[in-house]
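Down below is the structure, laid out as structure tokens.
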Amino acid sequence: MIGYLMRIGCSNCIFFLIFASLVFANSFEDIAKQKYILNLPYNKENIITKSYNIHTDKKDFILITLFNWDNDELGRAVKKYSCISIFDSDVIMQGFCFSDNIGIVANKNDFFTLTSLWQDRIGNITNTYLTFKLIENRFYLHQYSRELGHIDEYIDKEIIDTTHIYYRQPRDDPKKENLIPLDSINDELLQRLESGNAVILQNRETQ
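Residue numbers 0 to 206, in numbering that gives the first Met the number 0, belong to the letters of the sequence shown in order.
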């Protein structure tokens, strides 16, 4: 569309489309915020929303993340809560909330991954990953995993010591008889998956 407008000399139209896309994204964020705001556990003034495009082989979706938190006496976000909304056109198709932050959203083909990042004051790190796959126009949990490691201060590099794979659909449900819909994700479900038969991979450098 933008290329067509440039060819016909409609430069003002390009700015209109950019402005319209920003307004469109903000409207999705407002819808998601109104859906969850009454049940948010922490300070209602501490809310950040972000918008992402999810491109799949069949169609595109809009993903909205909402982050809610409380600070400690030093102003650090110590209590965290996030909600996810997936829009198909202008309607929320799926969503869930859990007690963590979302640092990165990555999308490739029919998959997208939510990454939660944490680091303590002495350099220990925890990276948590929730990967979802589009199956027949719905998103389902594909993999839930966590990396534990540390920051090597001498080379200023993140070192992963252990990887826990709590759930992987091809491994745990190869016949797709008990798929886990994105809508069903919550803290209790994630804890049950963590207490199940997780596969633990040790980094070769630490063996």
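Ideal Cβ placement from N, Cα and C applies to all residues, glycine included. All values reported here derive from a predicted model rather than from experimental measurement.
Output needed for residue i: all residues of its chain with C-beta closer than 7 Å, excluding positions within five of it in sequence on either side, in chain order.
i: D56; result: N108, D109
How long is the line joining the alpha carbons of residue i and residue j, rounded to whole angstroms?
i: I158; j: G148; result: 5 Å
i: E193; j: K174; result: 22 Å
i: D171; j: E72; result: 43 Å
i: Y139; j: H54; result: 16 Å
i: G122; j: D89; result: 42 Å
i: N177; j: S144; result: 19 Å
i: N136; j: P180; result: 11 Å
i: L188; j: Y165; result: 11 Å
i: G195; j: D59; result: 34 Å
i: S50; j: L133; result: 19 Å
Would you list the residues sitting across from residue i in a DSSP beta bridge?
i: A105; result: T112
i: D90; result: Here the sequence assigns Val to residue 90, which means Asp is not the residue at that position. The partner list for V90 (beta bridge, DSSP) reads D87.
i: Q142; result: T130, R167
i: S50; result: I63
i: N136; result: Its beta-bridge partners do not exist; DSSP assigns none.
i: A76; result: N70
i: Q190; result: Bridge partners of Q190: none, in fact.
i: P173; result: For P173, which the question treats as bridged, DSSP gives no partner whatsoever.
So, under 8 Å CB-CB, residue i and residue j are touching, yes? Tell me the CB distance rounded to an integer number of Å.
i: F97; j: N185; result: 6 Å
i: I150; j: I124; result: 6 Å
i: N69; j: N100; result: It should be pointed out that residue 69 corresponds to Asp in this sequence rather than to Asn. Not really, about 12 Å apart at Cβ, beyond 8 Å.
i: S115; j: G102; result: 6 Å
Leaving out five residues before and five after residue i in sequence, what residues of the same chain have Cβ atoms less than 6 Å from its Cβ?
i: M92; result: I85
i: W117; result: T125
i: S10; result: With a pLDDT of only 49 at S10, under the threshold of 50, the placement of this residue in the model should not be trusted; the figure read from the coordinates follows. Result list for S10: empty, nothing under 6 Å.
Any heavy atom of the ligand FMN closer than 8 Å to the CB of residue i?
i: E28; result: As far as ligands go, the structure on display features none, and thus does not contain the ligand FMN.
Please list, in chain order, all residues of the same chain as residue i whose beta carbon is under 8 Å from its beta carbon, the five residues on each side excluded.
i: E152; result: G122
Practice item. Assess, as a yes-or-no matter, whether the segment 78-95 is touched by the segment 52-69 under the definition of 3 or more beta carbon pairs within less than 8 Å. Key: yes
Exercise for review: Decide yes or no for the touch test of the segment 26-35 against the segment 110-117: beta carbon pairs closer than 8 Å, at least 3 of them.
Suggested key: no
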